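Engineer: Residue numbers (the UniProt record's numbering): 1 to 267. Ideal placement from N, C-alpha and C gives every residue a C-beta, glycine not left out. As the structure is a computational prediction, the values presented were derived from the model and not from experiment. Here you go, one structure.
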């Protein structure tokens, strides 16, 4: 792919577009959230999950990572388990399920009458072989410096302490918490014209974790353009595809603040 192909949004069917425009083993990372279980009305569009999964596997480079943000529909008290069905299919076609992460929502209005409030989605980390990139995000530890810490007990059952160094930072866990809504998900009001957006910080955290500057990040169902925006702001190249021209226009408006006007592909 030539450089002119990058950092643009394309309106069209993701499977057809990838098959005709994106070579095999050419993308470093995929970050997307599919329209699972018909939870939202995406202008009447649906998606062919199996075909998209195969195309993602084809276009990813060896060592590339696909982040798949997905949840389950709850109907009549019964979960669809669509999320795990997706994960098992990705595994079946050759992906490693490198991690199962949790996107926990700090604020959610959706209460259930006979169960605890559902406040999370899954973030499956699928890798094509061993991930070639992992830049672990860090967080401050509660204590740091030299401290007497309990060592392994011996046969006498006594606690022995040794002097050890507590680090100032530690790698984050695989449960990530984000506020949602205006000011949490994003400050871009136009983004909420799309029925389902995920936090910009979530996108940035994954992009920083699984890719490097100059890498190519693909979102084949880019919706309001969050993945593309955060890829660009973090010096990655992006390719954004969505079947809805209306959603492409929303994403375009968000990106134009940073990139200026660029042309789009039409079916």
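I'd like to know if the stretch 95–111 and the stretch 123–138 are in contact, where contact means that at least 3 CB-CB pairs between them fall below 8 Å.
Structural biologist: Yes, the stretch 95–111 touches the stretch 123–138.
Engineer: Report back the beta-carbon spacing between residue 206 and residue 30 to the nearest angstrom; my notes put them in contact at under 8 Å.
Structural biologist: Here residue 206 is taken as the residue at index 206 of the chain shown, counted from 1. Here residue 30 is taken as the residue at index 30 of the chain shown, counted from 1. Going by Cβ atoms, the distance from residue 206 to residue 30 rounds to 10 Å, so no, they are not a contact pair.
Engineer: Can you tell me which of the three DSSP states residue 117 falls into?
Structural biologist: As a first step, residue 117 is located in the chain shown; it is residue number 117 there, counting from the start. It is coil, neither helix nor strand.
Engineer: The beta strand (DSSP E) that contains residue 169, what's its start and end?
Structural biologist: Within the chain shown, the letter at position 169 stands for residue 169. 169–171 is the extent of the beta strand (DSSP E) around residue 169.
Engineer: What are the start and end residues of the alpha helix (DSSP H) that includes residue 32?
Structural biologist: Residue numbering aside, residue 32 sits at position 32 when the chain shown is read from its first letter. Premise fails: residue 32 lies in the beta strand (DSSP E), 27–32, not in any alpha helix (DSSP H).
Engineer: Do the stretch 5–12 and the stretch 237–251 touch if we need at least three Cβ pairs shorter than 8 Å?
Structural biologist: Judged by Cβ distances under 8 Å, the stretch 5–12 makes contact with the stretch 237–251, as three or more pairs qualify.
Engineer: Is it the case that the CB of residue 28 approaches a heavy atom of the ligand GTP more closely than 8 Å?
Structural biologist: Ligands in the displayed structure: none, and consequently the ligand GTP is not present.
Engineer: Tell me whether the stretch 212–232 and the stretch 247–255 touch, counting them as touching only if at least three CB pairs, one residue from each stretch, are closer than 8 Å.
Structural biologist: Segments in contact, yes.
Engineer: Which stretch, first to last residue, makes up the beta strand (DSSP E) that contains residue 101?
Structural biologist: Locating residue 101 in the chain shown gives position 101, counting from the first residue. First-last of the beta strand (DSSP E) with residue 101: 96–105.
Engineer: Kindly indicate which three-state DSSP category residue 123 falls into: helix, strand or coil?
Structural biologist: Residue numbering aside, residue 123 sits at position 123 when the chain shown is read from its first letter. Residue state, collapsed to three classes: strand.
Engineer: By the three-class DSSP mapping on this structure, what secondary structure does residue 142 have?
Structural biologist: Along the chain shown, read from residue 1 onward, the residue named residue 142 stands at position 142. The answer is coil: DSSP assigns residue 142 none of H, G, I, E or B.
Engineer: Can you find at least 3 beta carbon pairs, one from the stretch 161–174 and one from the stretch 68–81, that sit closer than 8 Å?
Structural biologist: In short, these stretches do not touch, since the Cβ pair count stays below three.
Engineer: Let me know if residue 179 comes out buried or exposed under the rule of 16 or more other beta-carbons within 10 Å of its beta-carbon.
Structural biologist: As a working note, residue 179 is residue 179 in the chain shown. The residue in question, residue 179, is exposed, as its Cβ has fewer than 16 Cβ neighbours within 10 Å.
Engineer: Using a Cβ-Cβ cut-off of 8 Å (strictly less than) and excluding sequence neighbours within five positions of residue 27, which residues of its own chain qualify?
Structural biologist: What you label residue 27 is simply residue 27 of the chain shown in a count that begins at 1. For residue 27, where only same-chain residues beyond five positions count, the Cβ hits under 8 Å are 59, 60, 61, 64, 216, 217, 218, 239.
Engineer: Out of 245, 212, 90, which one is the CA nearest neighbour of residue 222?
Structural biologist: Translated into the one-based positions of the chain shown, residue 222 becomes position 222. Of 245, 212, 90, the residue nearest in Cα terms is 245.
Engineer: For residue 105, count neighbouring Cβ atoms within 10 angstroms of its own Cβ and tell me buried if that reaches 16, exposed if not.
Structural biologist: One-based indexing of the chain shown puts residue 105 at position 105. The residue is buried, with at least 16 neighbouring Cβ atoms inside 10 Å.
Engineer: By a C-beta neighbour count over all protein chains shown, 10 Å radius and 16 as the cutoff for buried, is residue 20 buried or exposed?
Structural biologist: For the purposes of this step, residue 20 is identified with residue 20 of the chain shown, where counting begins at 1. Exposed, by the Cβ-count rule.
Engineer: Does DSSP classify residue 81 as helix, strand or coil?
Structural biologist: The residue you call residue 81 lines up with position 81 of the chain shown. If DSSP states are grouped into helix, strand and coil, residue 81 belongs with coil.
Engineer: Who are the near neighbours of residue 263 in its chain, counting only those whose CB is closer than 6 Å to its CB and skipping five residues on each side?
Structural biologist: The sequence position of residue 263 within the chain shown is 263, counting from 1. Confidence in residue 263 is poor, its pLDDT being 42 and thus under 50, which makes the residue's placement unreliable; the coordinate value appears in the next sentence. Closer than 6 Å at the Cβ level, and outside the excluded window around residue 263, lies no residue.
Engineer: Report the rounded CA-to-CA distance for residue 96 versus residue 84, giving the unit in angstroms.
Structural biologist: Within the chain shown, the letter at position 96 stands for residue 96. Within the chain shown, the letter at position 84 stands for residue 84. Their backbone Cα atoms lie some 14 Å apart in a straight line.
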